[in-house]
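Trainee: Quick one: the structure is below, and I'll ask about it shortly.
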Amino acid sequence: MAITRESRADRTTSRPIAAVIAGLFAVALLFGLAAPAAADTGGDTGDPADYPYAIAGNVRAAGDPIVGAVITVTGEGFTGETTSAENGSWRVPVPAKEGVWHIELVQASLPAEVAVPDGFSFTQEVEFGATNTVTRNFTLGAAERQTVSFWDQFLSRAVNGLNFGLMLALAAIGVSLVYGTTGLSNFAHGEMVTFGALAALLFTSSLTMSIWIAIPLAVVASALLGLGMDAGIWRPLRRKGIGTVPLMIVSIGLSLALRYGYQMFIGGRTQQLPGGATGAIPGLGPIRLTMTDVISMAVSIVVIVIFAWWLMRTRIGRATRAVSDNPSLAAASGIDVDAVVRVVWIVSAALAGLSGVLWAYFRPGIKWDMGTSVLLLIFAAVVLGGLGTAFGALVGSIIVGLLVEVSTLWIPSDLKYVGALVVLIVILLFRPQGILGRRERVG
Amino acid sequence: MDFVQILSNTLAQILAPTTLGFVLAAIGLSVHFGFAGLLNMGVAGFMAIGAYGFAISILSFGVSWPLAVLIGLVAAVLFALVMGIPTLRLRGDYLAIVTIAAAEVVRLLFLTSAFRNQTGSADGLSGFQAGFRASNPLPPGKWGFGPWTYQSDQWWVIIVGTITIAIALVVVWMLMRSPWGRVIRGIREDEDAVRSLGKNVYAFKMQALIVGGVIIAAGGIITAMGTNVNPNVYVTSQTFYVWTALLLGGAATIFGPVLGAILFWMVRAFLSSLLPALVKIGWLPFLSAEQSQMLVFVLVGVALMLLVIFRPQGLLGSKKELTFVR
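These protein sequence lines are chains A and B, in that order. Going by this note's numbering, the letters in the first sequence line up with residues 7 to 449, in that order. Going by this note's numbering, the letters in the second sequence line up with residues 204 to 529, in that order.
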């Protein structure tokens with residue numbers, strides 16, 4: 007029963023997300039058609055809306071709703087017209103239910119890349135039965151004709167993918183660091199990502215802070231979470247001598263508890279951080295970037311560069327790499343392994359929190375299970391780059407990000423995560439140690 | 204607060220088709236993790252493969268239900284091969300990451316609208332049980348005792364499910380006391396030692412993955428016989444619930460998964476009824492009824508953590524046969 011509840015929450019809230027994703031990757035993005043049409047409300051025909059009868063339906067292409075398609079209904083000396091709403095539905099009230107009604111989907115109103123399947127008819131005839139509403143759907147094919155050149159689409163999606171990949175990298179570096187130093191595959195990392203976004207939401211909405219103060223505070227809060235988790239859970243368990251497999255299952259339990267804990271507090275709905283809805287920057291040709299995207303990418307790059315400097319140049323960064331390489335040897339050479347692990351938890355939680363804030367802008371929106379939904383992509387990135395190598399995680403993330411976005415050129419957008427996960431399985435066949443990993447780690 | 208109702212809800216879970224499917228999934232996972240030490244995090248994927256294999260064979264290809272069951276099980280064998288080939292030579296956590304990814308791939312493939320005509324997309328599949336119900340020899344009507352009152356068709360699912368569980372238990376019991384079972388357990392304890400005895404560890408692991416996968420898929424099929432098939436059931440959380448049930452009962456035991464799965468569903472049903480009732484009479488002033496449902500899952504997560512830390516052998520397991528070796 008709880009599962010149906012979960013699914014319902016999923017389905018109701020995924021509609022607007024799906025619409026936005028569609029806006030990013032499909033029709034709307036490339037043709038700029040959807041934005042004005044989306045503001046339109048379906049069913050407003052200019053005719054008296056209190057007619058007792060109605061003809062309604064859906065316009066869809068390959069399962070995605072088409073916004074702003076024009077439908078005309080004629081019959082019995084009456085003509086009605088409407089445009090399909092954001093979810094592709096349309097409805098024309100009519101004055102009588104006798105006779106035959108002609109429905110026409112106006113072909114010129116469709117987005118250009120929608121394919122018309124064989125045998126598809128733009129007109130349909132209906133008669134009312136016993137009910138007062140009849141339903142007729144128009145189901146079109148997937149985009150096959152490409153009016154925007156392939157490379158323009160490719161470029162546009164690649165930039166999007168780079169943005170996504172950089173954001174993913176922030177989270178993946180943390181997973182990789184924790185794995186390298188403690189051997190734990192942390193399944194609760196997704197919840198650490200969600201935590202950052204939730205903290206930013208709390209600071210902006212409940213404490214009405216500016217977003218520029220809220221984001222650093224959210225990162226600090228995430229770092230404290232990492233410190234707390236290490237001190238409260240992971241360090242005592244390491245002291246107890248619990249192996250890495252049980253630790254992994256503990257992290258699964260923690261992930262479940264945290265995730266549903268979040269849902270207890272914020273419910274199943276999606277909430278937005280302020281400042282997310284900036285317009286596209288003009289003059290970039292086929293690439294559609296908003297100011298938020300640019301800032302997000304810049305923040306990711308700066309943070310990754312600082313992190314790289316920290317890992318390569320500072321004392322504690324060197325110690326981290328030493329522990330990652332061989333904990334016993336590091337301990338024997340006088341490195342305080344527990345202190346290094348504590349720092350690693352703080353750093354990876356802070357990076358995860360920042361990644362969560364950026365992910366909240368990219369999706370867009372904050373939801374209780376948002377972290378879990380990227381957890382597998384994070385793992386895919388880490389394995390792809392090489393488990394336990396921080397820079398491997400960076401490379402892997404960018405590849406996964408690009409793959410996820412660019413693959414939507416060929417596969418339906420609701421399958422875009424599948425490509426990355428299949429690549430994860432295939433890479434293990436040929437190079438199990440990952441791109442930057444070393445052979446000895448996989449044994 | 205209606206205690207009789209809460210108790211009745213709780214007891215009814217013992218025979219619910221979902222519980223029976225869950226028991227089978229836990230038995231299959233006990234073969235994977237408990238006996239062979241394989242970290243299969245794709246339990247939901249195996250269940251989905253079984254359930255969808257069963258439902259799609261009937262709806263799209265019109266085969267009879269016993270053949271559909273067979274197709275579901277064969278599909279699980281193929282799924283096990285696909286996951287096993289790249290990962291079984293690698294360290295255990297690679298299998299965990301690949302299985303969880305593969306299960307999610309399976310769910311997304313069943314969820315996508317690209318295959319709506321075959322999979323029903325987000326609505327799932329229904330109306331495939333007619334053949335199975337036609338084979339029901341039980342008298343029609345609603346009968347039973349106390350909380351266990353079901354329609355004749357439900358009873359048929361329960362009987363078939365119970366028989367399947369019994370068969371699975373006997374098979375697992377016999378396998379595990381056979382030489383094959385000893386090798387499998389040896390692999391769990393020390394892979395290199397078994398390899399040095401000249402055993403093909405990879406092949407044994409693969410066989411264990413297939414045997415357990417088939418039992419888990421049977422669980423998916425039994426669940427599908429009782430209810431509709433919906434992709435939102437086969438989420439990653441479902442896998443974690445099966446793990447919780449298995450670790451609760453005892454991973455390396457024959458009856459542990461049965462006990463664990465039944466207890467898991469009973470406790471879950473008990474809390475799902477009790478907590479909202481407590482909210483209603485004002486004993487949990489800081490929660491709404493909806494939030495108290497979430498609290499159930501929080502408690503499941505906490506229970507999983509505590510189990511692993513303080514009683515890794517579960518209720519029935521012995522401390523000697525430790526399940527967590529590496």
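Cβ coordinates follow ideal geometry from the N, Cα and C atoms, glycine included.
How would you call B:GLN410, buried or exposed, if buried means at least 16 neighbouring beta carbons within 10 angstroms?
Mentor: So B:GLN410 counts as buried.
Trainee: Provide the residue span of the alpha helix (DSSP H) that contains A:SER115, from first to last.
Mentor: Run containing A:SER115: none; DSSP gives neither H nor E here.
Trainee: Can you pull out the residues from the region 249-267 of chain A whose beta carbon lies closer than 9 Å to at least one beta carbon of chain B?
Mentor: Under the 9 Å Cβ criterion, the region 249-267 of chain A contributes GLY249, THR250, VAL251, PRO252, LEU253, MET254, ILE255, VAL256, SER257, ILE258, GLY259, LEU260, SER261, LEU262, ALA263, LEU264, ARG265, TYR266 and GLY267.
Trainee: Apart from the five residues just before and just after A:TRP365, which ones in its own chain have a Cβ nearer than 6 Å to its Cβ?
Mentor: MET173.
Trainee: Which of helix, strand or coil does DSSP assign to A:LEU30?
Mentor: Legend: pLDDT at A:LEU30 = 36, less than 50; position of this residue unreliable, value from coordinates given subsequently. Helix.
Trainee: Compute the distance between the beta-carbons of A:ILE277 and A:LEU183, then report whether it is under 8 Å.
Mentor: Reading off the sequence shown, one finds Gln at residue 277 of chain A, where the question assumed Ile. Not closer than 8 Å, so no.
Trainee: Below 9 Å on C-beta distance, what does A:VAL424 contact in chain B?
Mentor: Ordered by position in chain B, the residues that pass the 9 Å Cβ test against A:VAL424 are GLU307, VAL308, LEU311, LEU312 and THR315.
Trainee: Return helix, strand or coil for A:ASN143, following the three-state DSSP convention.
Mentor: Reduced to three states, the DSSP call for A:ASN143 is coil.
Trainee: Give me, in chain order, the residues of the same chain whose beta-carbon lies closer than 6 Å to that of B:GLY429; leave out the 5 immediate sequence neighbours on both sides.
Mentor: For B:GLY429, where only same-chain residues beyond five positions count, the Cβ hits under 6 Å are PRO220 and VAL360.
Trainee: For A:MET376, would you say it is in contact with chain B, using Cβ-to-Cβ distances shorter than 8 Å as the test?
Mentor: It does not: the Cβ of A:MET376 has no partner Cβ on chain B nearer than 8 Å.
Trainee: For B:PRO515, would you say it is in contact with chain A, using Cβ-to-Cβ distances shorter than 8 Å as the test?
Mentor: With 8 Å as the cut-off, B:PRO515 counts as an interface residue toward chain A.
Trainee: Taking B:ASP296 as the query, report the chain A residues whose CB atoms sit under 9 Å from its CB, ordered along the chain.
Mentor: Ordered by position in chain A, the residues that pass the 9 Å Cβ test against B:ASP296 are TYR185, GLY189, SER191, THR250, VAL251, MET254 and LEU393.
Trainee: At least one CB of chain B closer than 8 Å to the CB of A:PHE385: is that the case?
Mentor: So, interface residue.
Trainee: Closer than 8 Å by beta-carbon distance: list the chain A residues that pair up with B:TRP446, in chain order.
Mentor: Simply ILE255 and ILE258.
Trainee: So for A:TRP374, helix, strand or coil by DSSP?
Mentor: DSSP places A:TRP374 in coil when its eight states are reduced to three.
Trainee: Would you report the Cα separation of A:PHE209 and A:ALA237, rounded to the nearest angstrom?
Mentor: About 25 Å.
Trainee: Taking Cβ-Cβ distances below 9 Å as the criterion, which residues of the region 495-519 of chain B are in contact with chain A?
Mentor: So the list reads SER495, GLN496, MET497, LEU498, VAL499, PHE500, VAL501, LEU502, VAL503, GLY504, VAL505, ALA506, LEU507, MET508, LEU509, LEU510, VAL511, ILE512 and PRO515, given in the order they occur along the chain.
Trainee: Just the Cα atoms here: how many angstroms apart are A:ALA381 and B:GLY287?
Mentor: First, the residue type needs correcting, since residue 381 of chain A is Leu and not Ala in the sequence shown. Taking the straight line joining both Cα atoms gives about 22 Å.
Trainee: State the start and end residues of the unbroken alpha helix (DSSP H) segment that holds A:TYR423.
Mentor: It spans 422-436 - the alpha helix (DSSP H) in which A:TYR423 sits, taken as one unbroken run.
Trainee: Taking only the alpha-carbon atoms, compute the straight-line gap between B:ALA258 and B:LEU276 and give it to the nearest angstrom.
Mentor: The alpha-carbon atoms of B:ALA258 and B:LEU276 are separated by roughly 12 Å.
Trainee: Looking only at C-alpha atoms, which of B:VAL501, B:VAL246, B:GLN208 and B:LEU378 sits nearest to B:LEU449?
Mentor: The shortest C-alpha separation from B:LEU449 is found at B:VAL246.
Trainee: Decide yes or no for the touch test of the region 430-444 of chain A against the region 310-327 of chain B: beta carbon pairs closer than 8 Å, at least 3 of them.
Mentor: No: fewer than three Cβ pairs fall under 8 Å.
Trainee: Based on Cα-Cα distance, which residue from A:VAL311, A:SER90, A:GLY392 and A:ALA229 lies nearest to A:LEU360?
Mentor: It is A:ALA229 whose Cα lies nearest to the Cα of A:LEU360.
Trainee: Output yes if chain B places a C-beta closer than 8 Å to the C-beta of A:GLN269; else output no.
Mentor: Interface residue, yes.
Trainee: Can you check whether the CB of B:GLY416 is closer than 8 Å to the CB of B:VAL301?
Mentor: Result no, Cβ atoms of B:VAL301 and B:GLY416 do not sit closer than 8 Å.
Trainee: Please classify A:PHE454: does DSSP put it in a helix, a strand, or coil?
Mentor: Residue 454 of chain A falls outside the range modelled here, since chain A spans only 7 to 449, and no answer is possible.
Trainee: Which residues, taken in chain order from the region 407-420 of chain A, show a beta carbon closer than 9 Å to some beta carbon of chain B?
Mentor: Residues passing the 9 Å Cβ filter: ILE417, PRO418 and ASP420.
Trainee: What is the rounded straight-line gap between the Cα of A:PHE397 and the Cα of A:LEU295?
Mentor: Looking at the two C-alpha atoms, the distance is approximately 27 Å.
Trainee: Could you tell me the alpha carbon to alpha carbon distance between A:GLY231 and A:HIS195, rounded to whole angstroms?
Mentor: The residue asked about is misnamed: residue 231 of chain A is Leu in this sequence, not Gly. Their backbone Cα atoms lie some 11 Å apart in a straight line.
Trainee: Do you know whose CA, among A:LEU111, A:VAL73, A:THR141 and A:LEU335, lies nearest A:SER127's CA?
Mentor: When only C-alpha atoms are compared, the closest one is A:LEU111.
Trainee: Flag A:VAL308 as yes if its beta-carbon sits less than 8 Å from any beta-carbon of chain B, otherwise no.
Mentor: For A:VAL308, the answer is no, since every Cβ of chain B falls outside 8 Å of its Cβ.
Trainee: What is the DSSP secondary structure of B:TRP486, reduced to helix, strand or coil?
Mentor: Note: B:TRP486 maps to coil in three-state DSSP.
Trainee: From A:THR47 to A:SER115, what distance separates their C-alpha atoms?
Mentor: The pLDDT assigned to A:THR47 is 34, lower than 50, so where the model puts this residue is not dependable, and the model offers no usable value.
Trainee: DSSP state of A:TYR57, grouped into three classes?
Mentor: A:TYR57 falls in the coil class under three-state DSSP.
Trainee: Quick check: B:PHE236 and B:ALA454, are their CB atoms within less than 8 Å of each other?
Mentor: Closer than 8 Å, so yes.
Trainee: Taking only three categories from DSSP, how would you classify A:ILE109?
Mentor: Reduced to three states, the DSSP call for A:ILE109 is strand.
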